[in-house]
């Protein structure tokens, strides 16, 4: 047992936030939420993922501060945390004991509503592999609702290049989401 005058070091998640970190988090919170929402599509899950990412950012705060572009590194952490969110939840769920009488079990209508997102998610993943800049421009334009000048600034390209990448990315997504029988004019 420690005495009243003995000090012991707190774990990183228990240490108080410094003002600079708090200001950084406050300034970029909405942006981080848009990133998480674009991956998770559920406000509560996105909020939880951003909180998890904020903890990781806090733990790596000195390294992030020393980086040439701290917001870019933090966005990367938020994106990676959002991608890993459901994987982590599935790992935890495999250890849980199921309870009967849950207030809301998914219905067939819930699953049918998500059906369109699956095709879009697959198309976005393919576009990300084939043309990452186009995928990022489309994501910033439509999921983060940025103007072309803001996209250009974020990605260090011209506004014209941002507009072109969005246009080409949308065409590629449309082609990827169109069933093969419709692409060939229905002659198959």
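In the working numbering, the protein residues as written are 4 to 191.
C-beta atoms are modelled at their ideal positions from N, C-alpha and C, and glycine is treated no differently.
Cβ neighbour criterion (16 or more within 10 Å) applied to residue i
i           : result
residue 22  : exposed
residue 218 : Past the edges of the chain, shown from 4 to 191, lies residue 218, and the structure says nothing about it.
residue 174 : exposed
residue 172 : buried
residue 84  : buried
residue 70  : exposed
residue 47  : exposed
residue 54  : exposed
residue 127 : buried
residue 93  : exposed
residue 155 : buried
residue 75  : exposed
Residue from the options whose Cα sits closest to the Cα of residue i
i           : options           : result
residue 39  : 76, 62, 81, 136   : 81
residue 27  : 78, 178, 160      : 78
residue 122 : 178, 25, 32       : 178
residue 180 : 120, 156, 149, 30 : 120
residue 129 : 36, 31, 176       : 176
residue 62  : 153, 131, 24      : 24
Where the alpha helix (DSSP H) through residue i begins and ends
i           : result
residue 173 : 162-180
residue 26  : 22-43
residue 152 : 151-158
residue 139 : 135-141
residue 59  : 46-62
beta-carbon residue i near the ligand NAP non-hydrogen atom, thresh 7 Å
i           : result
residue 158 : Judged by which ligands are present, the structure shown has none, so any question about the ligand NAP falls away.
Worksheet item: If we count Cβ pairs, one from each stretch, closer than 8 Å, do we get three or more for the segment 137-153 versus the segment 84-94?
Response: Contact check between the segment 137-153 and the segment 84-94: fewer than three CB pairs, one atom from each, fall below 8 Å, which does not count as touching.
Discussion item. I want to know whether the segment 143-160 touches the segment 27-45 - three or more CB-CB distances under 8 Å.
Written reply: Taking 8 Å as the limit for Cβ pairs, the verdict is that the segment 27-45 does touch the segment 143-160.
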